[in-house]
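**Student:**
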Amino acid sequence: MSDMLTIVEPATERPLRTIPRAGVAEVDEAVARAKAAWPAWRDLAPGARAALLREVAEALGSRHEELAVLEARNAGKPITSARGEIGMVVETFRYYAGAPERNLGETIPAAGGVALTFREPLGVVGLVTPWNFPLAIAAWKLAPALAAGNTVVLKPAELTPLTALRFAEIAAEAGLPEGVVNVVVGPGRICGQRLVEHPDVRKIAFTGSTEVGSSIAASAAATIKRVTLELGGKSANVVFADADVAAAARAAPWAVFDNAGQDCCARARILVQDGAVDEFLAVLEDEVRGMRVGDPLDESTQMGPLISAGQRESVASFLADDVSVAIRGPAPAGPGYWFAPTILHPVDPGSRAATEEIFGPIACVIPFRDEADAIRLANDTIYGLSGSVWTRDGAKALRVARAIEAGNLAINSNSSVRVSTPFGGFKQSGYGRELGPHALEHYTELKTIYIRTQES
Ligand code: NAP
Ligand code: MG
Numbered sequence: 378m379s380d381m382l383t384i385v386e387p388a389t390e391r392p393l394r395t396i397p398r399a400g401v402a403e404v405d406e407a408v409a410r411a412k413a414a415w416p417a418w419r420d421l422a423p424g425a426r427a428a429l430l431r432e433v434a435e436a437l438g439s440r441h442e443e444l445a446v447l448e449a450r451n452a453g454k455p456i457t458s459a460r461g462e463i464g465m466v467v468e469t470f471r472y473y474a475g476a477p478e479r480n481l482g483e484t485i486p487a488a489g490g491v492a493l494t495f496r497e498p499l500g501v502v503g504l505v506t507p508w509n510f511p512l513a514i515a516a517w518k519l520a521p522a523l524a525a526g527n528t529v530v531l532k533p534a535e536l537t538p539l540t541a542l543r544f545a546e547i548a549a550e551a552g553l554p555e556g557v558v559n560v561v562v563g564p565g566r567i568c569g570q571r572l573v574e575h576p577d578v579r580k581i582a583f584t585g586s587t588e589v590g591s592s593i594a595a596s597a598a599a600t601i602k603r604v605t606l607e608l609g610g611k612s613a614n615v616v617f618a619d620a621d622v623a624a625a626a627r628a629a630p631w632a633v634f635d636n637a638g639q640d641c642c643a644r645a646r647i648l649v650q651d652g653a654v655d656e657f658l659a660v661l662e663d664e665v666r667g668m669r670v671g672d673p674l675d676e677s678t679q680m681g682p683l684i685s686a687g688q689r690e691s692v693a694s695f696l697a698d699d700v701s702v703a704i705r706g707p708a709p710a711g712p713g714y715w716f717a718p719t720i721l722h723p724v725d726p727g728s729r730a731a732t733e734e735i736f737g738p739i740a741c742v743i744p745f746r747d748e749a750d751a752i753r754l755a756n757d758t759i760y761g762l763s764g765s766v767w768t769r770d771g772a773k774a775l776r777v778a779r780a781i782e783a784g785n786l787a788i789n790s791n792s793s794v795r796v797s798t799p800f801g802g803f804k805q806s807g808y809g810r811e812l813g814p815h816a817l818e819h820y821t822e823l824k825t826i827y828i829r830t831q832e833s
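Rendered as structure tokens:
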């Protein structure tokens, strides 16, 4: 394997930058730096750690446009989406800057005395992240891990490492001490695997495919390493006939074609109640045909290319079978990994397109009879990440949202992720939660100290 890595721009297929590629030795050096930096970072006064995280947030905020353009070019996402993601990165650091001074414990009455609990940092934490929301997903891990007093080694996806590398420079300029954040760019099966096996790494926070997540959990077992996993999805968008069907249909494409469908929360199974299917498809068709697919740096672009030739091949394989394409949106010709937004209908609910995660702009419209049928179909998957319920009946909305086995549901909305609320999966979509107050639990160990107060 070459020790240089060429980063490609998915919209042009042209090289964007060539950087050194790390191997096991570089991972070991990064872990050693993180381990050496840990005691001082852990022992920093909570207010001082908070102030440094606020400095990082401000420094990122002042480079907002630079980071957004870099992300848009490297990941092939629309500049307007990239700006939103970098905005979320800044917000995530601001949010967790509040955590060091609120790392509360408990006092619990115990026989003969009292017990106290403390949330202690773990030590060196390994972060392994995917290419679809590169810096945003890294920030969901970096900010709570650092706030809790850990040091980190981040391994971004080889396809999209540029914003992570820039982040490390910005964080250092903002005053984060040497060794607290380390970024290693190299192949997952070498550098990621080494992090998972390294005896000095106490935890792995991973976002990516269910297949790799499963192998990480298995490898981590050897050192009883803590693991949190944010994995794939095949989420359902459930539209009842008593909903504002037109509003649901106008919103539906963005719940699956955002980021060209390369979104773990993509509502790729659109379940529509009998009686509403024709109206739904008519509005959906206008919306999908009118999508603006093209140059990520054009302000009006709504969807960019796929990340790579390999991804396009994998997505295209779902159209190879005997599927019925009901709606096809636009896509540019020429260089770039373009793929037109595509709606399949009718679809056999047991088919590959309806059951496997496509991770590209293909969605299935599947009719259902009644509430029980909708819940059965929505839950007929190995995954459980997100989902939506559209209806004007409030009690039914809550009942169905509660019945769907997934971590993040929205009612009359397709929203999935907020900095202030927990995010994560049920079933094979993973375990652990990111964001919100809950993420901190996954970057700390709970310690109990008993104090005897009774005189004997
Ligand atoms: P992936 O192949 O699982 O890779 C994710 C990360 O793991 C990359 O940094 C990759 O490195 C690394 N990796 C690969 N093999 C590894 C190994 N054996 N040990 C340790 N690390 C390893 O996923 P992807 O192709 O980047 O992303 C697409 C998938 O991620 C989809 O299935 C999607 O659903 C899922 N995803 C889930 C969420 C969520 O929050 N639940 C968010 C985004 C994406 P290299 O690629 O550099 O080799
Ligand atoms: Mg992969």
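Here the sequence shown is numbered in this note's numbering, starting from 378 and rising by one per residue. Using N, Cα and C, we set each Cβ at its ideal position, and we do this for glycine too. Keep in mind it's a predicted model, so treat the numbers as computed, not measured.
So, at 7 Å on beta carbons, what are the nonlocal neighbours of S586 in its own chain, with the 5 sequence-adjacent residues on each side left out?
**Tutor:** Around S586: L608, G609.
**Student:** For L572 versus V408, is the C-beta distance shorter than 9 Å?
**Tutor:** Result yes, Cβ atoms of L572 and V408 sit closer than 9 Å.
**Student:** Out of D663, A428, R543, which has the shortest C-alpha to C-alpha gap to Y472?
**Tutor:** If we check each option's Cα against that of Y472, A428 comes out closest.
**Student:** From the DSSP output, read off the bridge partner residues of I788.
**Tutor:** I788 is bridged to V766.
**Student:** What does A582 pair with, by DSSP beta-bridge criteria?
**Tutor:** Paired residues: L504, T605.
**Student:** Cα separation between D420 and I456?
**Tutor:** Looking at the two C-alpha atoms, the distance is approximately 40 Å.
**Student:** In the DSSP assignment, find the unbroken beta strand (DSSP E) run with M381 in it and report its ends.
**Tutor:** Here the beta strand (DSSP E) through M381 covers 381-386.
**Student:** Cβ of L762 within 8 Å of any heavy atom in the ligand NAP?
**Tutor:** Answer for L762: yes, Cβ within range of the ligand NAP.
**Student:** Check each candidate in R669, H819, T830 and name the one with the smallest Cα separation from E497.
**Tutor:** Of the listed residues, the one whose Cα sits closest to E497 is H819.
**Student:** On a Cα-Cα basis, can you pick out the residue from P712, T494, T395 that is closest to L823?
**Tutor:** Closest by alpha carbon: T494.
**Student:** Measuring straight from C-alpha to C-alpha, what distance separates L661 and N527?
**Tutor:** Between L661 and N527, the C-alpha separation is close to 47 Å.
**Student:** Between V385 and the ligand MG, is there a pair consisting of the residue's CB and a ligand heavy atom that are separated by less than 8 Å?
**Tutor:** Flag unset: Cβ of V385 not near the ligand MG.
**Student:** Does the separation of the CB atoms of P800 and S793 fall below 9 Å?
**Tutor:** Before going on, a small fix: residue 800 reads as Phe here, not Pro. A contact, by the Cβ cut-off of 9 Å.
**Student:** Excluding the 5 residues preceding and the 5 following G500 in the sequence, name in chain order all residues of the same chain whose CB lies nearer than 6 Å to its CB.
**Tutor:** The answer, listed in chain order, is W415, R579.
**Student:** Within 10 Å of its beta-carbon, does T540 have 16 or more other beta-carbons around it, so buried, or fewer, so exposed?
**Tutor:** Counting Cβ neighbours within 10 Å, T540 comes out buried, since at least 16 surround it.
**Student:** On the DSSP letters alone, give me the boundaries of the alpha helix (DSSP H) that K518 sits inside.
**Tutor:** 511-524 is the extent of the alpha helix (DSSP H) around K518.
**Student:** When DSSP labels each residue in this structure, what does P423 get in the three-state scheme?
**Tutor:** If DSSP states are grouped into helix, strand and coil, P423 belongs with the helices.
**Student:** Using CA coordinates, which residue listed in P718, P712, E406 is at the minimum distance from D702?
**Tutor:** Sequence inspection shows Val at residue 702; the Asp mentioned does not correspond to that position. The option with the nearest alpha carbon to V702 is P718.
**Student:** May I ask you to list the residues that DSSP assigns as paired with I396?
**Tutor:** Bridge partners of I396: L382.
**Student:** Give every residue of the same chain whose Cβ lies closer than 6 Å to the Cβ of A522, excluding the five residues on either side of it in the sequence, and list them in chain order.
**Tutor:** Cβ within range, chain order: V502, V529, Y820.
**Student:** With DSSP run on the structure shown, which of helix, strand or coil describes Q831?
**Tutor:** In the structure shown, Q831 sits in coil (DSSP, three-state: anything other than H, G, I, E or B).
**Student:** Are the beta-carbon atoms belonging to L648 and H722 less than 9 Å from one another?
**Tutor:** No, the pair does not count as a contact, with Cβ atoms beyond the cut-off.
**Student:** Judging by CA-CA distance, which residue of L519, L762, D640, V589 is the nearest neighbour of V557?
**Tutor:** Comparing Cα positions, the closest option is L519.
**Student:** Could you compute how far the alpha carbon of L775 sits from the alpha carbon of I788?
**Tutor:** Whole-angstrom Cα-Cα distance: 8 Å.
**Student:** Taking the alpha carbon of P682 as the point to measure from, which residue in A452, W715, A513, T484 has its own alpha carbon closest?
**Tutor:** Nearest option by C-alpha distance: W715.
**Student:** Report the option in A549, P554, V589, R603 whose CA atom is closest to the CA atom of H575.
**Tutor:** Closest by alpha carbon: R603.
**Student:** Report yes if the C-beta of G526 is less than 8 Å from at least one heavy atom of the ligand NAP; otherwise report no.
**Tutor:** Not under cutoff, so the answer is no.
**Student:** Using alpha carbons as the reference points, say which of S765, T678, I828, V700 lies closest to A632.
**Tutor:** For A632, the nearest C-alpha among the options comes from S765.
**Student:** Assuming I739 contacts V777 (C-beta within less than 8 Å), just tell me the rounded distance between them.
**Tutor:** The Cβ separation is near 25 Å, so there is no contact.
**Student:** Between the Cα of L812 and those of Q679, E468, A597, A697, spot the shortest distance and give me the residue it belongs to.
**Tutor:** Looking at the Cα atoms, E468 is the closest of the given residues.
**Student:** Are the CB atoms of G453 and A637 nearer to each other than 9 Å?
**Tutor:** Yes; because the gap between Cβ atoms is below 9 Å, this pair is in contact.
**Student:** Does DSSP classify L674 as helix, strand or coil?
**Tutor:** In this structure, L674 counts as coil in the three-state DSSP scheme.
**Student:** Note down, one range per segment and in chain order, each beta strand (DSSP E) of at least 3 residues found wholly within the stretch 589-656.
**Tutor:** For the stretch 589-656, whole beta strand (DSSP E) runs of length 3 or above, ordered along the chain, are 603-607, 613-616, 646-650.
**Student:** Ordered along the chain, which non-local residues of its own chain (more than five positions away) have a Cβ less than 8 Å from that of M381?
**Tutor:** Within the same chain, M381 has close Cβ partners T395, I396, P397, R398.
**Student:** Locate the alpha helix (DSSP H) running through A774, then write down its first and last residues.
**Tutor:** Element bounds for A774: 771-780.
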